[in-house]
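First residue of the sequence shown: 17, per the working numbering; consecutive thereafter.
Don't be surprised by glycine CBs; every beta carbon is placed ideally from N, CA and C.
Quick caveat: nothing in here was measured; it's all calculated off a predicted structure.
Below is one structure, written out as structure tokens; the observations come after it.
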Amino acid sequence: MPQQLKRYFPILDWAKTYDRQIFGADLMAAVIVTIMLIPQSLAYALLAGLPPEVGLYASILPLVAYAIFGTSRVLAVGPVAVVSLMTAAALGNLALQGTTEYLIAAITLAFMSGVMLTLMGLLRLGFLANFLSHPVIAGFITASGLLIATSQLKHILGVTAHGHTLPELLTSLVTHLPDTNLFTATLGAAALAFLFWTRKGLKPLLLKLGVGPRLADVLTKAGPVAAVAATTISAYAFDLEGKGVAIVGTVPTGLPPLSAPSLSPDLWSQLFLAALLISIIGFVESVSVAQTLAAKRRQRIDPDQELIGLGTSNIASAISGGYPVTGGFSRSVVNFDAGAQTPAAGAFTAVGIAGAALFLTPLLFFLPKATLAATIIVAVLSLVDLSILRHAWGYSRVDFAAVATTIALTLGLGVEVGVSAGVILSIALHLYKTSRPHVAEVGLVPGTQHFRNILRHKVKTSSHLVTLRIDESLYFANARFLKDYVYDRVVCDQPITDVVLMASAVNEIDMSALESLEAINSRLKELNIRLHLSEVKGPVMDRLKRSHFLDDLSGEVFLAQYDAWSRLAGDNTQQAA
């Protein structure tokens, strides 16, 4: 039972070795992440179409929940750009009346996502994330970054623009360009320039001035806070609101209120697909970051428990007035670099965000929305990687088609269509690739017991023996392909007497493939050709023994391909060209 508790409550594992030194490291990391998270939380809430305080609410209890149930020592959970954009797209299609209904829908979306993720974790369905290929994910995130950055230009320019696709956004921006507010554009451009410079140039300058590396890192991460402070003071001092600059306005003070999701069946049915897609994308993004950072410290994470950790985080967000959350890339890297040792750093960050919600929100009244937009643009442009197109083109035309299609659909038709197409495309590409497995005719490398492709190496072959190496598991999608391949090969002028299927790379044979093997065996019998197998793996052999196939097999099952060659090749061998 204690071991089972540790499986579902990883906190019981790392908490028993917690000491003062680890506490100090976690506390320092929490300070740095809190400084970074406050402006990001406000900005991402606005990106999702929600009041700014909702971003703070989504950064308190979810972090505590992940600290209890998550397995990554450094993953920083909270609002992220891509999930915020997907939330805005999902809720924007509902034609809701007023901020209250919109907020309830966001809370419901977080709750649904949390329930889905938790159930997937309890059912150990973490492997489902493998169906989203890296090219598709890279294409979706790149396209989402471009969409997010474009959607924030209206706040930088101080104009009204709408749309969920790139053509809609660009058309709307161009139409309203004459309405650009000069004060907003100047402020937004200055904030953008400062934040870009802070990201690249501030730390080298501080180090050059003799500031210590740790302090220089903290000051660099505090760049967005400095931008928020400077522009807020400017907006107050120069009455920029009166000059048309949009400001955040009143942000409620206090801890998150307890809230509950809507139980409306109509709303749940409308949000079901969006919640599923947000869950999948959020999990894939989160677990990718967690695994990468865990590997750097020779640690490991449990993907199934990560589902539970993210699920409970989203449920916690829902009951505290938040919206869907997941592990953020930039915050997690900062948390890692700052020296976080355990998930307690996230809990300490939650305390810091709670303090901001209690005491700092009155100071945000004059915060220009253009500053938050600049914060978002600088953050998401780091996600944009168009070089993936070049790399994919050079490596695989199929992967290039996947990346290009995902980017085009996301930009042209919206994030839900893009990610849905990405999931379908990932599965379709897997089926396409495995439906035409690589099958090589192999021969003996002279002077060895190794067998290689006759088209690539100078090997010995036999005129009456054909050995085919199957480089893929056999299942329903490629069963007919193998059957046709064998039939085409044996129909020739040579007097073939034996065919050996070398199964060293076959990990699975399903019922459809078994029926194809039975058909191949029967057809070859009619042609007076014996069918043999070699190098069959133990689990595959165990499965075959439970069928009649081995009893009906016209040939033998050889432990090694060299045994088959020695028995069947005879003296009639020649050197392949």
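Legend entry - Option in Gly-337, Gln-357 and Leu-110 with minimal Cα separation from Gln-37: The shortest C-alpha separation from Gln-37 is found at Gln-357.
Legend entry - the segment 326–333 touching the segment 33–48, judged by at least three CB pairs closer than 8 Å: Touching, no.
Inset, instruction - Indicate whether the contact test is met: 3 or more Cβ pairs, each with one atom in the segment 176–192 and one in the segment 408–418, closer than 8 Å. - result: Short answer: they don't touch.
Inset, instruction - For the alpha helix (DSSP H) holding Leu-533, just list the boundary residues, first then last. - result: 527–542
Legend entry - Cβ pair count under 8 Å reaching 3, the segment 201–218 against the segment 362–375: no
Inset, instruction - Give the straight-line distance between the Cα atoms of Ser-285 and Leu-292, rounded to the nearest whole angstrom. - result: The alpha-carbon atoms of Ser-285 and Leu-292 are separated by roughly 11 Å.
Inset, instruction - Please classify Leu-543: is it buried, with 16 or more other beta-carbons within 10 angstroms of its beta-carbon, or exposed? - result: Counting every other CB atom within 10 Å of its CB across the protein chains shown gives Leu-543 a total below 16, marking it as exposed.
Inset, instruction - Mark Gln-465 as exposed unless 16 or more other C-beta atoms lie within 10 angstroms of its C-beta, in which case mark it buried. - result: exposed
Inset, instruction - Quick one: using the 10 Å Cβ neighbour count with 16 as the cut-off for buried, is Trp-6 buried or exposed? - result: Since the first and last residues shown for the chain are 17 and 593, residue 6 lies out of range.
Legend entry - Candidates Ile-545, Val-90 and Leu-28: closest to Cys-508 by CA position: Out of Ile-545, Val-90 and Leu-28, Ile-545 has the C-alpha closest to the C-alpha of Cys-508.
Inset, instruction - Evaluate contact between the segment 333–344 and the segment 375–382, counting only Cβ atoms and requiring at least three cross-stretch pairs below 8 Å. - result: no
Legend entry - Three-state secondary structure assigned by DSSP to Arg-583: helix
Legend entry - Inter-stretch contact at 8 Å, needing at least 3 Cβ pairs: the segment 153–167 / the segment 135–142: no
Inset, instruction - Classify Lys-32 as buried or exposed, calling it buried when 16 or more other Cβ atoms lie within 10 Å of its own Cβ. - result: exposed
Inset, instruction - Compare the Cα-Cα distances from Ser-57 to each of Lys-541, Gly-325 and Ala-97 and report the closest residue. - result: Ala-97
Legend entry - Through-space distance from Leu-119 to Ala-306, alpha-carbon basis: 30 Å
Inset, instruction - Within 10 angstroms of the Cβ of Gln-510, are there 16 or more other Cβ atoms? Answer buried if so, exposed if not. - result: exposed
Inset, instruction - Would you tell me roughly how many angstroms separate the C-alpha atoms of Arg-496 and Leu-533, rounded to the nearest one? - result: When rounded, the distance between both Cα atoms is 10 Å.
Legend entry - Close-in-space but distant-in-sequence residues of the same chain around Leu-222 (CB under 8 Å, 5 per side omitted): Leu-231, Ala-232, Leu-235 and Thr-236
Legend entry - C-alpha distance - Val-431 paired with Asn-109, whole-angstrom precision: 12 Å
Legend entry - Pairwise C-alpha distance: Gly-459 and Gly-586: The alpha-carbon atoms of Gly-586 and Gly-459 are separated by roughly 14 Å.
Legend entry - Distance between Phe-25 and Met-17 (C-alpha atoms, nearest Å): Residue placement at Met-17 is flagged as unreliable, the pLDDT there being 48, under the threshold of 50; the coordinate-derived value follows with that caveat. Answer to the nearest angstrom: the Cα atoms are 12 Å apart.
Inset, instruction - Please classify Val-349: does DSSP put it in a helix, a strand, or coil? - result: helix
Inset, instruction - Determine the DSSP secondary structure at Phe-416, reduced to helix, strand or coil. - result: helix
Legend entry - Straight-line gap, Val-482 to Leu-549 (C-alpha atoms, nearest Å): 12 Å
Inset, instruction - Only counting runs of 4 or more residues, tell me where the alpha helix (DSSP H) segments fall wholly within the segment 223–295, in order along the chain. - result: 229–237 and 239–253
Legend entry - Assigned secondary structure, Asn-469 (DSSP; H/G/I helix, E/B strand, else coil): strand
Legend entry - Beta-carbon proximity of Lys-385 to Leu-173, cut-off 8 Å: no
Legend entry - Distance between Val-400 and Ala-535 (C-alpha atoms, nearest Å): In this structure, the CA atom of Ala-535 is about 51 Å from the CA atom of Val-400.
Legend entry - Alpha-carbon spacing of Arg-316 relative to Thr-247, whole angstroms: 42 Å
Legend entry - beta strand (DSSP E) segments (min. 3 residues) lying fully within the segment 432–486: 455–460, 467–469, 476–478 and 481–486
Legend entry - Segment limits, alpha helix (DSSP H) that includes Asp-504: 495–506
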